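Residues in the sequence shown are numbered from 59 upward in steps of one, following the working numbering. Where is the CB? At the ideal position from N, CA and C, for every residue including glycine. Predicted, not measured: the structure shown is a model, and the values here were computed from it. Contents: one structure, followed by commentary.
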Amino acid sequence: MKRIGKIIFLVLLPYQAVAQSSGVSPYSLFGLGQVQTSSFSYGQIVGGTQVANNSNLFVNTDQPASYAQIKYTTLDLGGSYSAIYQSSDKDAIWNSTGGFRSMGLALPLAKGIGVSAGISPLTQVGYQMRSDGVDQNFGNFVQIFDGSGGINKSHFGFGYKPLKFFSFGINMNYLFGSLDKRVRMIFENNSFNPVSNKERLLVNGWSYDIGSILSLSMGGNVLNFGVSFSPRQDVSSSYQNTSITYLPSSSGSENPIDTILFLNQPKGNITLPSSLGLGIHYEKRVSGILLPAWSFSLQYKTSAQTELRDFWSGNSPNIGPFQESSRFLSVSTCLTPFLAFPKRRYKSKSSQMAYRASFRAGNTGLIIEQMPITSWESTLGLGIPIGGSSVLPGDIKFATLHFGIQMGNLGSGSMNVINEFSIRVLFGVTLNDQWFLKFKYR
């Protein structure tokens with residue numbers, strides 16, 4: 059996996075993209091894949107501005123301290139569909155990917171104590187590219203690069219609120235998954251057999267992150283200050299690397315001829331970088347209503363990407379592909395007209411919806427051709443309340459549908475490297491239910 063020079067050279071090469079059925083991005087070739095947001099649908103629509111948000115109705119894995127504020131048993135389900143336009147100075151193509159993405163559950167155990175569990179992607183790998191080259195010894199050749207897989211995260215979280223204005227929490231994350239990367243070299247001269255190199259990384263270990271929120275009441279409104287932190291952590295993994303010469307069959311499979319390299323390392327580690335999030339959240343509260351009338355959030359998050367390491371064993375971690383830390387600034391706002399403007403006496407269903415908007419921008423930590431790879435995302439969304447029903451007096455059941463449209467760009471602005479423009483549809487549902495009711499009968 060020590061192919062940093064080769065990887066950077068690949069991205070700079072003229073390339074031909076091949077349609078990806080489940081692909082994500084050619085940039086997922088770097089490191090452990092393309093980092094995915096851990097936020098569920100609501101969190102993605104608000105640009106991930108979750109570090110200072112202690113909503114009592116939505117599962118917020120970005121801030122484990124928020125579990126202490128959860129009001130009802132809450133289930134979050136979500137997914138997305140993306141159309142991605144990938145272009146360079148040599149070629150361009152549309153790709154698409156999507157499907158179910160995440161699931162989370164949170165419930166209150168007692169006043170000021172809550173727990174959560176769920177699953178979401180941590181990284182994702184998906185690409186298929188080719189490049190043409192020439193060698194003085196072998197002549198013209200074609201290199202085909204493809205990769206798939208990813209690392210998933212199952213979180214088990216706990217939040218505690220010892221004081222009216224302060225809460226803290228922790229997530230224990232079980233990481234699992236596989237990354238498969240393959241490079242094939244096919245020579246124009248049939249005297250040379252094609253060469254295939256396959257790498258497989260299996261991840262199976264634990265990590266953790268912590269967070270806290272300071273909440274101040276200001277004349278019925280609420281001002282939150284939040285912080286989240288995840289230290290640099292080594293996660294157990296295994297690695298296998300195989301290089302062969304082969305003959306291609308009519309079905310496209312590889313018939314091995316000779317084994318050039320076989321490396322099997324059943325015990326080792328990957329290194330996840332440390333990260334820090336700082337946020338401010340301000341919201342207008344309405345007496346007796348759980349949802350805010352309106353809110354505004356600002357967040358800064360950085361990750362020491364230079365600490366990231368793919369598989370290593372022994373005492374000498376390899377050098378990672380990132381040259382600087384990632385830094386992202388996010389801002390979001392939400393408005394529910396029915397609550398924000400009570401004097402106007404809105405009665406339509408549209409006035410009861412939550413209107414959301416966000417913007418997120420920053421650098422990824424990658425530097426290619428002396429230019430940083432940057433990213434931005436702009437999102438508009440709706441939260442549509444759905445009333446529930448119950449056969450028990452005092453029971454509470456309701457739900458919220460989440461829809462969002464997100465546009466974004468990933469690249470350096472230079473046509474010498476790949477630039478990606480994406481349009482993403484976000485969707486999800488949050489189900490709230492009151493459990494463990496105690497009824498009194500006369």
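Helix, strand or coil at residue i [DSSP, three-state]
i	result
Ala-141	strand
Pro-306	strand
Lys-325	strand
Leu-68	Residue confidence for Leu-68 is low, a pLDDT of 39 falling below 50, so the modelled location carries little weight; the figure read from the coordinates is stated next. Helix at Leu-68.
Tyr-85	helix
Gln-201	strand
Lys-211	strand
Ile-128	coil
Ala-110	coil
Glu-382	coil
Lys-169	coil
Glu-312	strand
Ala-351	coil
Ile-103	helix
Leu-334	strand
Ala-123	helix
Pro-451	With a pLDDT of 44 at Pro-451, under the threshold of 50, the predicted position of this residue should be treated as unreliable, though the coordinate-derived value follows. Coil at Pro-451, not helix or strand.
Ser-115	In the sequence under discussion, the amino acid at residue 115 is Leu, which differs from the Ser named in the question. DSSP places Leu-115 in coil when its eight states are reduced to three.
Ser-275	strand
Thr-458	strand
Leu-180	strand
Lys-222	coil
Phe-396	helix
Ser-206	strand
Inter-residue spacing [alpha-carbon to alpha-carbon] between residue i and residue j
i	j	result
Val-389	Leu-356	5 angstroms
Gly-157	Ser-138	6 angstroms
Thr-488	Lys-129	13 angstroms
Leu-484	Ile-103	7 angstroms
Arg-240	Arg-258	9 angstroms
Arg-188	Asn-299	21 angstroms
Leu-135	Asn-490	12 angstroms
Met-429	Ser-384	14 angstroms
Lys-405	Leu-133	28 angstroms
Pro-443	Thr-394	11 angstroms
Phe-387	Pro-400	Just to set this straight, residue 387 is Leu in the shown sequence, not Phe. Answer to the nearest angstrom: the Cα atoms are 33 angstroms apart.
Leu-221	Thr-437	35 angstroms
Phe-199	Asn-251	11 angstroms
Ser-80	Thr-131	Any reading at Ser-80 must be qualified, since the residue scores a pLDDT of 48, below 50, and its modelled position is unreliable; the value itself is stated next. Rounded to the nearest angstrom, the two C-alpha atoms are 33 angstroms apart.
Lys-256	Val-82	19 angstroms
Asp-147	Ser-97	34 angstroms
Asn-282	Lys-342	12 angstroms
Ser-249	Gly-372	40 angstroms
Ala-150	Phe-203	17 angstroms
Thr-422	Gly-346	42 angstroms
Ser-212	Leu-274	32 angstroms
Ser-311	Asn-322	23 angstroms
Cβ neighbour criterion (16 or more within 10 Å) applied to residue i
i	result
Met-411	buried
Glu-427	exposed
Ala-123	buried
Pro-166	buried
Phe-320	exposed
Asn-477	buried
Asp-368	buried
Ala-168	exposed
Arg-402	exposed
Gly-486	buried
Ala-351	buried
Pro-324	exposed
Gln-194	exposed
For residue i, the nearest candidate out of the options (CA to CA)
i	options	result
Pro-84	Phe-485, Asp-134, Leu-133 and Ile-142	Ile-142
Ile-209	Ser-273, Asn-247, Met-465 and Leu-330	Leu-330
Gly-466	Phe-456, Lys-455, Asn-474 and Ser-480	Ser-480
Gly-205	Lys-219, Leu-348, Phe-216 and Gly-184	Gly-184
Ala-398	Asn-279, Asn-114, Ile-425 and Phe-203	Asn-279
Arg-482	Ile-302, Arg-402, Gly-105 and Ile-444	Gly-105
Met-276	Gly-263, Ser-225, Val-344 and Val-200	Val-344
Tyr-413	Thr-95, Leu-349, Gly-191 and Ser-301	Leu-349
Gly-215	Asn-282, Gln-121, Asn-153 and Tyr-304	Gln-121
Glu-365	Tyr-358, Ile-377 and Lys-359	Ile-377
Ser-472	Gly-162, Gly-197 and Ile-425	Ile-425
Leu-237	Leu-336, Tyr-218 and Tyr-297	Tyr-297
Asn-474	Ser-145, Ile-244, Asp-292 and Ser-86	Ser-145
Integer Cβ distance of residue i from residue j, believed to fall under 8 angstroms
i	j	result
Tyr-125	Gly-227	5 angstroms
Pro-379	Gly-89	5 angstroms
Ser-353	Ser-288	That belief does not hold up - the Cβ atoms of Ser-353 and Ser-288 are roughly 25 angstroms apart, past 8 angstroms.
Gly-469	Ile-431	6 angstroms
Val-109	Ser-286	5 angstroms
Ile-302	Thr-317	5 angstroms
Phe-456	Gly-445	6 angstroms
Leu-233	Val-261	6 angstroms
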